[in-house]
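A.B. asks: This is the structure I want to talk about, given as structure tokens.
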Amino acid sequence: MAPYELKELKTQLQERLDKGFIRPSSSPWGCPALFVEKKDQGGKRLCVDYRPLNAVTVKNKYPLPHIDILFDQLGGATVFSKIDLRSGYHQIKVREEDIPKTAFSTRYGLYEYLVMSFGLTNAPAFFMYLMNSVFMNELDKFVVVFIDDILVYSKNEKEHEEHLRIVLSRLREHKLYAKFSKCAFWLKEVAFLGHILSAKGVAVDPSKVGDVLNWKQPQTVTEIRSFLGLAGYYRRFIKDFSKIAKPMTALTQKNAKFAWSSKCEEAFGTLKTLLTSAPVLAQPDITKPFDVYCDASGSGLGCVLMQEGRVIAYASCQLRKHEVNYPTHDLELLAVVYALKKWRHYLLGNTCHIYTDHKSLKYIFTQPELNMRQRRWLELIKDYDLEVHYHPGKANVVADALSRKAHCNFIEARPTVRVLCCEIGDIEMPTALEAELYNLVLEPTIKDQIIAAQKQDKGMSHIRDEINDKKKACFKLDEEGVLWFKNRLVVPKDMELRKKILDEAHTSMFTLHPGSNKMYQDLKQKFWWTRMKREIAKYVSECDVCQRVKADHLKPAGMLQPLAVPAWKWEDIHMDFIVGLPRTQKGYDSIWVIIDRFTKSAHFIPVKTTYRAKQYAELYISRIVSLHGVPLTITSDRGSLFLSRFWEQLQTALGTNLIHSSAYHPQTSGLVERVNQILEDMLRACALTYSTKWDECLPLAKFAYNNSYQKSLEMAPFEALYGRWCRTPLNWSEPGERVTFGPDLVTQAEEQVKFIHDNLKRAQSRQKSYSDKRRRPLVFEKDDHVYLRVSPMKGVHRFGVKGKLAPRYVGPFKITEQCGPVAYRLELPPHLAAVHDVFHVSQLKKCLRVPEEVIDTSQIQIQPDLTYEEKPIKILDRKQRSTRRRTINFYKVQWSNHSEEEATWEQEEFLRTKYLGFLPSTSD
């Protein structure tokens, strides 16, 4: 591997080790590791070449579903949600005895997978078996599953709400986790498995075939197979696919000489055109009859399945060598048989009408003499409830039906004048308005404005005078006297005109804010001026919309600033809460986590979210102060408890200094965040292993944590706190009779504190060195303007895509003060008064140019934790749902910043608990 690949290899190996996906191995097995390019995201993906292992693996023959059959279940669906599992394979553990078989060798040693890896031959089949088992009761009702892709479909939004609840509960029940960034909910149109699904039917995904138009002419048999493989995936959308592709298919046959002919070129161009303008296929309704149009020729068979005038699917195939010799009658009958076999799952048990242009097939059931082949086919045909109809070739029923639907069933690859003219022609307008259209005057096009500006620009005349100079060989004049640089139109030094070009290329509805490089590549095809690339880069970097909505692809800003190492035990503590836990019988639903920064020892106290500051104060005195004394400092986030006046007055009275993290930057309390994660994992393991409630496991989790080895201390927290190991069933080495007295005890304690202090210093240094490699310094000056990052994803999940489209940044705001090496105070507007005005540099982005018109953010309703919150504003309807035990009230609610069409049904209990005072009291 190249040096940069070795660096990437080390990084990805460490990530997998940290996540527990792999471990070092001493297995006798070993397959090579390699990198493959990521198609969508860029970068490289670490893969393992398991071909030697797969060759000796007993294959799992569990079937994968046919994609066309999956889509047949969607008839009548109007609402869709798509769920994509997060690294689905990695959510499945490998059996302990099979782990050594997954070993792979790298430059840095041998490793083995603890979870199912990509590349194993039985991985797709087993994962498909798992998903089918999880959703067995929901399949073919409202769920479609293909490996780790889950599609939920419903006929209306009310059903969809219940369907989503069932699916998500299934995932939670089986501990399968989805990746939210790849999920989409409450959609009218969804991209799934290379297709676009909607209430209209199934269409080709334009993003999957968009590159087909630029596909170069195949030069080898392999390239032909590659193109036909892509085209064949969508063959159900292309009428007479096999007939069209026959010249190309002939080149892939054994011993065939590769000779690209004009027929191949015609077939290649036709398939590209048809792929990029494929029709929307309707979903079948098995309760209604089907129409099948069949045709046969010397080159192949073609069939069309329709229902009520809409196309459901196309099918075609080429004739085999012996079938070419069939008489016309048999070929036409073969086309019928082929259609019946191809669409057996639609036609068997349903009424179908067969249309053929061979009149004698109408009498196939009454013919007295049939050959053996015809008799065999007739036995198959008799299983179907069908009628054969004759239509002459000139009637062209299929083509006529398709042409009638073309204007609404086809996805055009690009807009055309013909479509525009047809749509304008269908508009009915008053005669007076129609007369006014003739008087409309169009503004000059960009090209006309550039040509006019060239004539007025004095610099252009200088270039025209020297056009014959060899130094100006790149410039030329056309017949109309227009100046060109090679084949690009020269734009004069007219800043207003250049800005108009840049605005059109960047902010119009046809471009939608591309990046500077893409914008330059687009513009340089047609235009040229000096320093063009530099001006485009400056224009894009100063675009207010781009700065608000585009994600940063840079390293996080702000170098790590470790807190000072405490001098003694329990002088500096951290606090945080773990919330959202299942409510126990005692009413606990949260954990108060309190950690000493020096010894890493911790207390985990079960609490209730209904506790007030006074109750927390009593717990603090009885559980912490009584054992360890009053700390000098308490570091916490900006939670409501830690900012309450009672809590601040209590700590002031005790002489404790309160330190709060900067707004929306939990990394300030990184220690407690990490302990929270460890504690949650312990409770999960305890609940899974011993089937107990989490509050019953909490004392054991506290004991296990405080007696586990800490790398930064090089000892356990218990030993760091008390100077000795804790006695456990496995630790009997601590003598019970030995006691240390007097000066020896003091000396031992001082040496241990110094040892811990030095270890923490070294650990902080290592952490800072490691962290700063993945960060970048960013410094602002006073009076600079910056954008502030917000979290639009939180609090608006119910609205699906809407939440994702909220801006990433608000502002710009003025910096009034630097509060530390990586923190700044901002001048916030009055409607953001509830937000703390000091922010970590990672939450800020420099504003390169203060916009003249600042977008009003007062309607965004940003919360103190920099999230959006949707609130109910109006009750539109009410209904009741009765169960055996009780009656549940539901309210149809309109939410802030959303229309009535986006209203949702919510339970009365949820609204009264979450939004106090919104519903009228029961006594009213």
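Number 444 in full-length UniProt numbering belongs to position 444 of the sequence shown; there are no gaps in the numbering. All C-beta atoms, glycine included, are put in the ideal place defined by N, C-alpha and C.
#1: For Pro717 and Lys569, what's the separation of their Cα atoms in angstroms?
#2: Note the first and the last residue of the continuous beta strand (DSSP E) segment covering Arg808.
#3: Can you give me the Cβ contacts of Ser708 inside the same chain, cut-off strictly under 7 Å, excluding the 5 residues immediately before and after it?
#4: Note down the Cα distance separating Met495 from Lys538, rounded to an integer number of angstroms.
#5: Could you give the distance in angstroms between the alpha-carbon of Cys294 and the alpha-carbon of Lys182?
#6: Straight-line CA distance for Lys93 to Ala123?
#7: What is the DSSP secondary structure of Leu164, counted as helix, strand or coil?
#8: Which one of Val143, Met128 and Lys500 has the shortest CA to CA distance from Asp72?
#9: When the Cα atoms are used, what is the spatial distance from Gln859 to Ser896?
#10: Classify Asn706 as buried or exposed, calling it buried when 16 or more other Cβ atoms lie within 10 Å of its own Cβ.
#11: Got a sec, what are the start and stop residues for the beta strand (DSSP E) Lys44 sits in?
#12: Measuring CA to CA, which of Gln615, Lys447 and Arg849 is closest to Ile501?
#13: Where DSSP assigns a beta bridge to Tyr891, which residues make up the other side?
#14: Give the DSSP bridge partners of Glu189, in chain order.
#15: Quick check on DSSP: helix, strand or coil for Trp528?
#16: Nearest CA to the CA of Ile624: which residue from Glu673, Asp572 and Leu319?
#17: Give the straight-line distance between the Cα atoms of Lys257 and His462, rounded to the nearest whole angstrom.
#18: I'd like the ranges of any alpha helix (DSSP H) spanning at least 4 consecutive residues and lying wholly in the stretch 566–641.
#19: With a Cβ-Cβ cutoff of 8 Å, do Phe118 and Tyr89 count as a contact?
#20: Do you know offhand how far Val145's Cα is from Leu679's?
#21: According to DSSP, is Lys93 part of a helix, a strand, or is it coil?
#22: Where does the unbroken alpha helix (DSSP H) through Lys845 begin, and where does it stop?
#23: Rounded to a whole number of angstroms, what is the C-alpha to C-alpha distance between Ile451 and Val482?
#24: Return the Cβ separation of Tyr588 and Lys608 in integer angstroms, given the expectation that the two are a contact with Cβ distance under 8 Å.
#25: Within the stretch 309–395, note down every full beta strand (DSSP E) run reaching 3 residues or more, in order along the chain.
#26: Would you grab the beta carbon distance between Gln894 and Lys874 for me? Rounded to a whole angstrom, and I think it's under 8 Å.
#27: Here's a check: name, in chain order, each residue in its chain whose Cβ is nearer than 6 Å to the Cβ of Cys264, leaving out the five neighbours to either side.
#28: Mapping DSSP to helix, strand and coil, what is Gln649?
#29: Can you tell me whether Leu420 is helix, strand or coil according to DSSP?
#30: Which first and last residues belong to the beta strand (DSSP E) in which Thr106 is found?
#31: Given a threshold of 16 other Cβ atoms within 10 Å of its Cβ, counted over all protein chains shown, does Gln585 qualify as buried or as exposed?
#32: Taking 8 Å as the threshold, find out whether the stretch 59–71 comes into contact with the stretch 17–32 through three or more Cβ pairs.
#33: CB-CB under 6 Å to Ala191, same chain, minus the five flanking residues each way: which ones, in chain order?
#34: Give the straight-line distance between the Cα atoms of His329 and Cys352, rounded to the nearest whole angstrom.
#35: Under three-state DSSP, which class holds Glu696?
#36: Three-state secondary structure (DSSP) at Gln677?
C.D. replies: Reading off the structure:
#1: 11 Å
#2: Segment: none, Arg808 is in no beta strand (DSSP E) and carries neither H nor E.
#3: Result list for Ser708: Ala716, in chain order.
#4: 14 Å
#5: Rounded to the nearest angstrom, the gap between the Cα atoms of Cys294 and Lys182 is 42 Å.
#6: The straight-line gap from Cα to Cα measures roughly 11 Å.
#7: Note: Leu164 maps to helix in three-state DSSP.
#8: Val143
#9: Confidence at Gln859 is low in this model, with a pLDDT of 49, below 50, so the placement of that residue is unreliable and no value is reported for it.
#10: It counts as buried.
#11: Lys44 to Val48
#12: The residue with the shortest Cα to Cα distance from Ile501 is Lys447.
#13: The partner list for Tyr891 (beta bridge, DSSP) reads Arg878 and Glu906.
#14: Ser198
#15: strand
#16: Asp572
#17: Near 59 Å, if we compare the C-alpha coordinates of His462 and Lys257.
#18: 613–620
#19: yes
#20: 34 Å
#21: strand
#22: Unbroken run through Lys845 is the beta strand (DSSP E), Leu844 to Lys846; no alpha helix (DSSP H).
#23: 6 Å
#24: 6 Å
#25: Runs of the beta strand (DSSP E) inside the stretch 309–395: 310–318, 351–356 and 385–390.
#26: 4 Å
#27: Pro247 and Met248
#28: Note: Gln649 maps to helix in three-state DSSP.
#29: Confidence at Leu420 is low in this model, with a pLDDT of 37, below 50, so its placement is unreliable and no value can be given for it.
#30: Phe104 to Thr106
#31: Around the beta carbon of Gln585, fewer than 16 other beta carbons lie within 10 angstroms, which makes this residue exposed.
#32: In short, these stretches do not touch, since the Cβ pair count stays below three.
#33: Asp205
#34: Cα to Cα, His329 sits roughly 21 Å from Cys352.
#35: helix
#36: DSSP places Gln677 in helix when its eight states are reduced to three.
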